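One structure below.
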Amino acid sequence: MCLIARYFEAKGLPTLILGSALDILQAGRPPRAQFVNYPLGFESGRFQDRDNQYEVVASALQGFDTIKTPKIDTLPFEWQAGWEMLQARERGKSDQRSERHNTPQYQSEEDRRAAEKP
Amino acid sequence: MSFISQPPTQYIAQTTDTYVKLGFKPYQWFEAVTGPAFTPLSKPLSESKLAMISTAGTYVQGQVAYHYKDDTSIRAIPNNTPTDKIRFSHIMGNYLIEARQDPLTVFPLDALRRLKNEGLVGELSDNYLSCMGGIYSKNRVMTELIPNIEKALNQDQPDVLLLVPL
């Protein structure tokens with residue numbers, strides 16, 4: 001993601017990353033980034049919480065007007081219940097990363113049928 | 119009420135360790151050796167047209183899903199897509215369990231619409247973009263993925279670009 005941001009920024013398009021992996025952002029040195037310390041999968045806000053989703057995205061976008069030199073800012077949001085939910089779910093499980101198949105991986109069979117419909 | 123702050127997760131160390139244990143080929147995150155270019159906005163966000171890219175393998179029901187072997191294709195996702203038609207195909211499916219029930223946790227369609235209606239963002243691109251993350255080949259990101267994105271952005275002519283990784 002940092003590679004993409006840096007490319008378009010260099011072409012003259014201002015970019016901003018809203019991300020939750022601080023170490024990956026720091027390694028990639030993007031022009032503008034907002035770090036939200038939520039578990040991955042909640043970069044734009046808490047589960048089924050429209051107000052928080054709005055607040056996170058609104059706060060993040062302020063970076064377009066406030067960040068004047070390359071910077072990773074931290075947004076003022078915490079979500080302990082989210083981390084606990086994740087820990088409870090992942091406990092005792094090994095990595096569930098999918099195998100790298102080279103065929104489309106649909107979320108459901110219904111999606112496959114919808115895409116393959118002539 | 120006491121509150122314990124969660125320290126930032128060390129994803130690179132964690133994933134490197136997991137890949138060794140699983141016998142996967144090591145993944146190399148992009149490590150910048152130089153600082154980035156920086157382009158100031160030509161006008162405030164409230165007057166700017168905003169485009170968005172998601173790397174969560176986002177697609178709309180009816181579109182072809184992504185595959186997991188360095189897929190460098192992109193999808194255009196109309197900004198008025200109903201939330202319940204948003205799907206994800208991504209190798210890290212365990213991070214998308216909730217997003218598959220509430221796609222707005224990684225693909226902020228509603229929040230952006232509200233920001234536009236409130237005048238905090240000037241305009242939204244007709245189509246947002248998505249791609250896959252976790253592509254092993256940096257060369258293919260540069261020679262295939264980025265040109266695909268650039269072509270789409272050239273049609274759309276946004277003033278600013280929001281990137282939302284998974």
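First to last, the sequence lines map onto chains A and B.
When you number the first sequence by the working numbering, it's gap-free, plus one each residue, and the end is 118.
When you number the second sequence by the working numbering, it's gap-free, plus one each residue, and the end is 284.
C-beta atoms are modelled at their ideal positions from N, C-alpha and C, and glycine is treated no differently.
Nothing here was measured: the structure is a model prediction, and the numbers come from that model.
(1) Going straight from the alpha carbon of B/P221 to that of B/H185, what length do you get?
(2) In chain B, which residues lie less than 8 Å from A/A5 when you measure between Cβ atoms?
(3) Closest Cβ-Cβ distance between B/A183 and chain A: below 9 Å?
(4) Taking A/A58 as the reference, give the member of B/Y177, B/L163, B/S172 with the closest Cα.
(5) For B/F121, name the three-state secondary structure that DSSP assigns.
(6) Do you know how far the Cα of B/A155 is from the Cα of B/V278?
(7) By Cβ distance below 6 Å, which residues in the same chain neighbour B/S166 in space, the five residues on each side in sequence not counted?
(8) Take B/L271 as the anchor and find which of B/L242, B/K256, B/V182, B/P144 has the nearest alpha-carbon.
(9) Which residue marks the beginning of the alpha helix (DSSP H) containing A/S59, and which one marks its end?
(10) Where does A/G19 fall in DSSP's three states?
(11) Quick one: residues in its chain with C-beta nearer than 6 Å to the C-beta of B/F121, no 5 flanking neighbours on either side, listed in chain order?
(12) Name, please, each residue of chain B whose Cβ falls closer than 9 Å to the Cβ of A/E109.
(13) So which residues of chain A does B/Y186 contact, with C-beta pairs closer than 8 Å?
(14) Decide yes or no for the touch test of the segment 259-269 of chain B against the segment 200-214 of chain B: beta carbon pairs closer than 8 Å, at least 3 of them.
(15) Classify B/R196: buried if its beta carbon has 16 or more other beta carbons within 10 angstroms, exposed otherwise.
(16) Suppose you measure from the CA of A/E78 to the CA of B/K187; what does that come to, to the nearest Å?
(17) Considering just the uninterrupted stretch of the alpha helix (DSSP H) at B/Q219, what are its terminal residues?
To lay it out plainly:
(1) Position 103 of the second sequence, counted from the start, is the residue given in the question as residue 221 of chain B. Position 67 of the second sequence, counted from the start, is the residue given in the question as residue 185 of chain B. The straight-line gap from Cα to Cα measures roughly 19 Å.
(2) Looking up residue 5 of chain A in the first sequence gives position 5. Ordered by position in chain B, the residues that pass the 8 Å Cβ test against A/A5 are P154, L279, L281.
(3) Numbered from 1 along the second sequence, position 65 holds the residue referred to as residue 183 of chain B. Judged by the 9 Å Cβ criterion, B/A183 is in contact with chain A.
(4) The residue you call residue 58 of chain A lines up with position 58 of the first sequence. Among B/Y177, B/L163, B/S172, the Cα nearest to that of A/A58 belongs to B/L163.
(5) Locating residue 121 of chain B in the second sequence gives position 3, counting from the first residue. With a pLDDT of 47 at B/F121, under the threshold of 50, the modelled position of that residue is not reliable, and no figure is offered here.
(6) By one-based count along the second sequence, residue 278 of chain B stands at place 160. By one-based count along the second sequence, residue 155 of chain B stands at place 37. Using only the alpha carbons, I get a separation of about 15 Å.
(7) Stepping through the second sequence from its first residue, residue 166 of chain B is reached at position 48. Excluding positions up to five away in sequence, the list reads G240, D277, V278.
(8) Working through the second sequence from its first residue, we reach residue 271 of chain B at position 153. The shortest C-alpha separation from B/L271 is found at B/L242.
(9) Working through the first sequence from its first residue, we reach residue 59 of chain A at position 59. Counting along the chain, the alpha helix (DSSP H) containing A/S59 begins and ends at 50-61.
(10) In the first sequence, counting from the first residue as 1, residue 19 of chain A sits at position 19. Here A/G19 carries a strand assignment [DSSP, helix/strand/coil].
(11) Taking the second sequence and counting its residues from 1, one reaches residue 121 of chain B at position 3. Below a pLDDT of 50, predicted positions are generally treated as unreliable, and B/F121, at 47, falls in that range; no measurement from the model is reported.
(12) Translated into positions along the first sequence, residue 109 of chain A becomes position 109. In chain order: nothing, as chain B lies at least about 11 Å away.
(13) Position 68 of the second sequence, counting from 1, holds the residue named residue 186 of chain B. What B/Y186 touches in chain A: S98, E99, R100, H101, N102, Q105.
(14) Not touching, per the Cβ criterion.
(15) Residue 196 of chain B sits at position 78 when you count from the first residue of the second sequence. Strictly speaking, residue 196 of chain B in this sequence is Pro, with Arg absent from that position. The residue in question, B/P196, is exposed, as its Cβ has fewer than 16 Cβ neighbours within 10 Å.
(16) Translated into the one-based positions of the first sequence, residue 78 of chain A becomes position 78. Translated into the one-based positions of the second sequence, residue 187 of chain B becomes position 69. Roughly 34 Å separates the two Cα atoms.
(17) As a first step, residue 219 of chain B is located in the second sequence; it is residue number 101 there, counting from the start. Careful: B/Q219 lies outside any alpha helix (DSSP H) and carries neither H nor E.
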